[in-house]
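Report on the structure given below.
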Amino acid sequence: MGSGCRFYIGSKGECVLNKNSYVSPFTSFIIEHGISIGEGCAISWHCQFLDEDFHTIEYENKKVIGDPKIVISDNVWIGCYVNVFKGTFIARGCVVAANAIVRGVFDEENCLIAGNPARVVKKNICWR
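Going by the numbering used here, the first residue of the sequence shown is number 9, and it counts up by one from there.
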């Protein structure tokens, strides 16, 4: 865990960081529900992980919720200044490019994910 990392984990929140993964300095975690970071992951500096909106959003008089947990699979590299929001799933072996804004399901392995909003820009990649 790098220096200057910040954690807020709510009373029902759970944060799991598996072996051989590391988080670089100045990354923030705001976790009300849950985040799981797989084995062998590399998280660069100044990233932000939020599984909470901090307010209720309604659409047609119904709460918009979805699954708020964040799941980062094994061997994922997240570049600097990436923001990862609730309901995100990133498959094994993916790389998230610097400054990406990530929300949603990225279930194809070994992809390069980039942009705002994030999308798959390359497939069949490998990082070491």
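Ideal placement from N, C-alpha and C gives every residue a C-beta, glycine not left out.
Keep in mind the model is a prediction, meaning the values are calculated, not measured.
Margin query: According to DSSP, simplified to helix, strand and coil, what is ASN91?
Written below: Within the sequence shown, residue 91 is the residue found at index 83, counting from 1. Here DSSP, grouped into helix, strand and coil, assigns ASN91 to strand.
Less than 8 Å between the CB atoms is what I'm expecting for TYR16 and ILE38, so what's the real figure, rounded? Numbered from 1 along the sequence shown, position 8 holds the residue referred to as residue 16. Numbered from 1 along the sequence shown, position 30 holds the residue referred to as residue 38. ILE38 and TYR16 do touch by the CB rule: their CB atoms are close to 5 Å apart, below 8 Å.
Backbone secondary structure at ARG127 - three-state DSSP: Sequence index remark: in the sequence shown, residue 127 carries index 119 (1-based). Under the three-state reduction of DSSP, ARG127 is assigned to strand.
Practice item. Determine the closest residue to LYS27 out of MET9, GLU60, PHE114, with distance taken between C-alpha atoms. Key: Translated into positions along the sequence shown, residue 27 becomes position 19. If you compare the alpha carbons of MET9, GLU60, PHE114 with that of LYS27, the shortest gap goes to MET9.
field: Contacting residues, own chain, Cβ-Cβ under 8 Å from GLU29 (five flanking each side not counted)
entry: For the purposes of this step, residue 29 is identified with residue 21 of the sequence shown, where counting begins at 1. Note that residue 29 is Ser in the sequence shown here, rather than Glu. The answer, listed in chain order, is ILE45, GLY46, GLU47, GLY48, CYS49, ALA50, ILE51.
**Message:** In whole angstroms, give me the CA-to-CA distance for CYS119 and ILE109.
**Reply:** Here residue 119 refers to the residue found at position 111 of the sequence shown. Here residue 109 refers to the residue found at position 101 of the sequence shown. Between CYS119 and ILE109, the C-alpha separation is close to 16 Å.
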